[in-house]
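I have placed the structure first, in the form of structure tokens, so that the comments after it can refer back to it.
Residue numbers (the numbering used here): 47 to 277.
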């Protein structure tokens with residue numbers, strides 16, 4: 047039987063997913079500007095054009111007036127999306143604090159999990175009480191492969207598409223951000239790389255993050271990075 051979300055959280059979750067869609071469209075527009083710059087063999091921008099201050103004067107750098115207009119359209123759309131995304135983020139954060147402020151605070155205590163990732167995890171799982179075991183939660187979050195079972199018997203290959211793609215994305219992003227803010231995490235990743243390789247090491251780190259979040263939410267308290275790195 048499919049899990050039924052509380053209506054008041056379901057609507058916010060869907061709005062959050064809509065925000066994610068708009069973020070991807072914004073990324074597509076930024077990529078189009080970069081690709082256009084490469085297409086006309088112009089010098090690299092030098093600074094990240096994701097920031098508004100670095101987008102000023104970009105269109106004028108293209109010699110062809112039609113190309114300039116194309117880039118101007120991209121920039122106008124990006125600016126418009128920035129305003130929408132900022133408003134959505136503020137609105138969703140206010141709602142999330144009303145739904146479960148404690149869980150939100152616990153999630154934010156994990157290095158690498160910020161505002162957006164914390165509310166994504168909160169609204170995609172609703173409550174950790176849905177999951178009896180950490181294995182169930184990690185399987186649902188696509189952090190481990192799901193076994194194909196029928197009548198208690200395993201058969202064939204696992205199904206790679208079972209679970210919640212939004213939680214998979216959130217923990218993958220959190221793993222990358224965790225490494226940026228945690229020097230000890232980089233050392234831990236290097237140990238994993240020597241044993242498993244680079245790609246597998248990041249997947250293991252995402253899995254560790256998922257396990258840590260599960261126990262933190264179950265016990266309703268922050269447990270620190272020591273648990274994450276297996277100490």
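Note that the Cβ used here is the ideal one computed from N, Cα and C, for glycine as well.
In the DSSP annotation of this structure, residue 173 is not part of any alpha helix (DSSP H), being labelled neither H nor E. By the Cβ criterion, the stretch 231-246 is not in contact with the stretch 172-181, since fewer than three pairs of Cβ atoms, one from each stretch, lie closer than 8 angstroms. As the crow flies, the alpha-carbon of residue 171 is around 38 angstroms from that of residue 119.
A buried status is given to residue 212, since no fewer than 16 other beta-carbon atoms sit within 10 Å of its beta-carbon. Counting only the Cα atoms, residue 252 lies some 11 angstroms from residue 245.
In the three-state reduction of the DSSP assignment, residue 157 falls in the coil class. Between residue 179 and residue 73, the alpha-carbon positions lie close to 36 angstroms from each other. Bounds of any alpha helix (DSSP H) do not take in residue 49, whose DSSP letter is neither H nor E. Between residue 104 and residue 130, the beta carbon gap of about 21 angstroms keeps them out of contact (Cβ cut-off 8 angstroms). Rounded to whole angstroms, the separation of the alpha carbons of residue 101 and residue 154 is 31 angstroms. Per the C-alpha coordinates, the member of 116, 114, 169 positioned closest to residue 138 is 169.
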